[in-house]
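Engineer:
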Amino acid sequence: MCDVSEALLDWYDIHARSMPWRVMPADRKAGVRPDPYAVWLSEVMLQQTTVAAVRAYHSKFMALWPTVSDLAAAEDAEVMAAWAGLGYYARARNLLKCARAVVADHGGRFPQDHDALLKLPGIGPYTAAAVSAIAFDAPSTVLDGNVERVMARLHDDHTPLPAAKPVFMDYARRHTSHSRPGDYAQAVMDLGATICTPKSPACGICPLRPCCAAHAAGTQADLPKKTPKKPKPTRHGIAYVARRADGAWLLETRPDTGLLGGMLGWPTTEWGDDPAPAEPAPAQWQTLNDAARHTFTHFHLILQVRTAWLAQDARPSRGHFITAEAFSPSALPTVMQKAYTLATATLRPL
DNA sequence: AAGCCGTGGTT
DNA sequence: TAACCAAGGCT
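Numbering (UniProt numbering), first residue to last: 1 to 350.
(1) Are the beta-carbon atoms belonging to Ile205 and Gln304 less than 8 Å from one another?
(2) Which residues in the same chain have their Cβ closer than 6 Å to the Cβ of Leu86, if we skip the five residues on either side of it in sequence?
(3) Quick one: Cα of His266 to Cα of Ala276, how far?
(4) Looking only at C-alpha atoms, which of Val335, Arg209, Cys203 sits nearest to Arg293?
(5) Express the C-alpha separation of Leu118 and His155 in angstroms, rounding to a whole number.
(6) Could you tell me the distance, in whole angstroms, from the CA atom of Gly31 to the CA atom of Asp137?
(7) Roughly how many angstroms separate the alpha carbons of Pro34 and Phe110, rounded to a whole number?
(8) Looking at Leu64 and Ala82, is the spacing between their C-beta atoms short of 8 Å?
(9) Spatial neighbours of Leu260 within its chain, please: CB distance less than 7 Å, with the 5 preceding and 5 following residues excluded, ordered by chain position.
(10) Give me the DSSP bridge partner(s) of Thr287.
(11) Where do the N-terminal and C-terminal ends of the alpha helix (DSSP H) with Val103 fall, by residue?
(12) Which of the three DSSP states is assigned to Trp83 in this structure?
(13) CB-CB under 7 Å to Arg318, same chain, minus the five flanking residues each way: which ones, in chain order?
(14) For Asp256, which option in Ala77, Leu9, Tyr12, Asp27 has the closest C-alpha, if you only look at C-alpha atoms?
(15) Can you look up His320 in the DSSP assignment and give me helix, strand or coil?
(16) Using three-state DSSP, classify Glu78 as helix, strand or coil.
(17) How many Å lie between Leu143 and His215 at the Cα?
(18) Are there 16 or more other CB atoms within 10 angstroms of the CB of Arg28, so buried, or fewer, so exposed?
(19) Where does Gly192 fall in DSSP's three states?
(20) Consult DSSP for Ile238 and reduce its assignment to one of helix, strand or coil.
(21) Opposite Arg244 in the DSSP bridges: which residues?
(22) Excluding the five sequence neighbours on either side, which residues of its own chain have a C-beta within less than 7 Å of the C-beta of Gln48, listed in chain order?
(23) Tell me which residue opens and which closes the alpha helix (DSSP H) that Thr127 is part of.
(24) Is the stretch 217-227 in contact with the stretch 148-165, if contact means three or more CB pairs nearer than 8 Å?
(25) Pick helix, strand or coil for Ala292, following the three-state DSSP scheme.
(26) Could you check the C-alpha separation between Arg173 and Leu120 for me, to the nearest Å?
(27) Ignoring anything shorter than 4 residues, give me the alpha helix (DSSP H) runs that lie fully in the stretch 144-201, in order along the chain.
(28) Once you ignore the five residues that flank Val44 on each side, which residues in its own chain have a CB closer than 7 Å to its CB?
(29) Using the Cβ count rule (16 or more neighbours within 10 Å means buried), how would you classify Asp190?
(30) According to DSSP, Trp249 sits in a beta bridge with which residue or residues?
(31) When you compare the CB positions of Leu9 and Tyr184, do they come within less than 8 Å of one another, or not?
(32) In terms of DSSP beta bridges, what is Thr268 paired with?
(33) Assuming contact is defined by CB atoms lying nearer than 8 Å, are Ala345 and Ala242 in contact in what I supplied?
(34) Mapping the DSSP letters down to three states, classify Leu259 as helix, strand or coil.
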């Protein structure tokens, strides 16, 4: 047979990838403890997001707000602007709620207990397990996309996801190390991210090859099975990029809930099959030749861009002006940045 | 409880 | 190029 957690930890001792928030195995053995705030921040950012994309954002947040108390005291708009571009903006709103709850209800320290973590905003089953294991070395079992894939293959289990989740969780629990839970959690996910990959897994260098039922059966490339997804419809919309005579930009803070909730953006029409125009102010709107194309989680968007200059005394029906000095396109979600780029590239001195 | 919620890299 | 996928959570 085969001791999965032992093989994994031996591999991790040598191949652990360095990350800004990670305490490497040698240091951890020497008694170094991770900063729970840094771990929590990384785990929220890593939800459905790659390590490569997270690195810069994590460093920026740690520099701007070094402790959970600093973050809790931050302005909402500053945090949303810092998160812009990373996606899934509900995470940023919940991040702030969570930081404030940790300060208000837990004396500024993250609770160590899995169930207490689970009660906090933006912390679900995965993140609660990850924080308790990685930050506090509690024997919690993480089950994310990586672990699901590794378990499906180790056990050659062809049950389709997401129905298979409870079964895979059971497998994962059985493999969890009780001597080094934090390193184990990171080791399985590193393995899934670098060796046991979705398309062409590197079984030739995999430390779990001797344990792997799928490798024995030759089925690793077909696992995990997944129930098919629905096709994405294409929606249409119009974005209105306007400047006042003094150069100020007309922007709008989107409602707190729903798509791009709480983020800054250009006034737009509804996004649908054929939305009615919705100019934020009367003006000579000019339609650009190129539209912005963007794909969200569940639909494609073709966003027509219209531009205009407004009089200094204009009183738009929607949005508010932000001075040219105060405006930074990096505070916008990506689809709004695309509209901005088109507007400035196509239009004359906008 | 299935649908909603971003973005960028890979294939 | 279009589909797939990523250290998921909320409602």
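We put the beta carbon where it would ideally sit given N, CA and C, even for glycine.
Bear in mind that the values here come from a model prediction, so they are computed numbers and not experimental data.
Structural biologist: Put simply:
(1) no
(2) Tyr57
(3) Contrary to the premise, residue 266 reads as Trp rather than His in this sequence. When the Cα atoms are used, Trp266 and Ala276 turn out to be separated by approximately 16 Å.
(4) Val335
(5) 29 Å
(6) 12 Å
(7) Spanning the two alpha carbons is a distance of roughly 12 Å.
(8) Yes, the Cβ-Cβ distance between Ala82 and Leu64 is below 8 Å.
(9) Tyr89, Arg254, Pro333
(10) Arg306
(11) 90-106
(12) Per DSSP, reduced to three states, the secondary structure at Trp83 is helical.
(13) Glu252, Pro267, Pro280
(14) Looking at the Cα atoms, Ala77 is the closest of the given residues.
(15) Here His320 sits in strand by DSSP.
(16) helix
(17) If I take the Cα positions, the gap works out to 21 Å.
(18) Arg28 is buried by the Cβ-count criterion.
(19) DSSP places Gly192 in helix when its eight states are reduced to three.
(20) strand
(21) Leu310
(22) Tyr88
(23) Counting along the chain, Thr127 sits inside the alpha helix (DSSP H) bounded by residues 125-136.
(24) yes
(25) strand
(26) A direct Cα-to-Cα measurement between Arg173 and Leu120 gives close to 23 Å.
(27) Fully enclosed alpha helix (DSSP H) runs of 4 or longer: 145-154, 165-175, 181-194.
(28) Counting only Cβ-Cβ distances below 7 Å, and skipping sequence neighbours, we find Arg91, Leu95, Gly122, Thr127.
(29) buried
(30) Arg243, Ile322
(31) yes
(32) Ala239
(33) No, the pair does not count as a contact, with Cβ atoms beyond the cut-off.
(34) coil
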